[in-house]
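Reviewing the structure listed below.
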Amino acid sequence: MERLRQRADFIAVAGGPRINGAAFVLQSRRREDQGPIRVGFTVTKKIGTATERNRIRRRLRELVKRTDRGFLLPHSDYVLIGRRAALSRDFAVMLGDLRTALERLARRSPNPRE
3 MERLRQRADF IAVAGGPRIN GAAFVLQSRR REDQGPIRVG FTVTKKIGTA TERNRIRRRL
63 RELVKRTDRG FLLPHSDYVL IGRRAALSRD FAVMLGDLRT ALERLARRSP NPRE
């Protein structure tokens, strides 16, 4: 799995479906190429100080590391947008939230698991 790093990729994912959660928003986009699954992380400055934003990003990265790859659709990009609740929300609950959000996105996809 690779990371999204370029602004254009984040903007492209923003046009796709999204699932709102308490600790994060999950956005996704199916790509036409045969490339790997890519994931990006972002937290706006409105959330808090740099230390708080970095802690949220670290928690989001760890969530994705611990998520079973079977929940992720191939040839897709995902962006996790952190919210302030990610600082205090129990990690196990956040992991369940992410799995639920990924399942909901898979159901919305017109041709999943290709």
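Take the sequence shown: its letters are residues 3 to 116, numbered as in the working numbering.
We put the CB at the ideal spot given by N, CA and C, even for glycine.
This one's a predicted model, so the numbers in the text were calculated from it and none came from an experiment.
A distance below 6 Å between beta-carbons, with the five flanking residues on each side excluded, links residue 106 to the following residues of its chain, in chain order: 21.
The secondary-structure analysis by DSSP pairs residue 79 across a beta bridge with 31 and 40. The three-state reading of DSSP puts residue 91 in coil, since its state is none of H, G, I, E or B.
Here residue 4 is bridged, per DSSP, to 40.
In the pairwise beta carbon analysis, the stretch 4-12 is classified as touching the stretch 33-51: at least three pairs are separated by under 8 Å. If you draw a 10 Å sphere on the C-beta of residue 84, you find 16 or more other C-beta atoms in it, and that means buried.
In the three-state reduction of the DSSP assignment, residue 20 falls in the strand class, which pools E and B.
A Cβ-Cβ distance of about 10 Å is found for the pair residue 60 and residue 45, leaving them out of contact under the 8 Å criterion.
The C-beta separation of residue 15 from residue 42 comes to about 7 Å, placing the pair in contact by the 8 Å criterion.
By the criterion of a C-beta distance shorter than 7 Å, residue 18 is surrounded in its chain by 29, 30 and 31, once the five residues flanking it on both sides are discounted.
By the CB criterion at 7 Å, residue 23 and residue 99 fall inside the cutoff.
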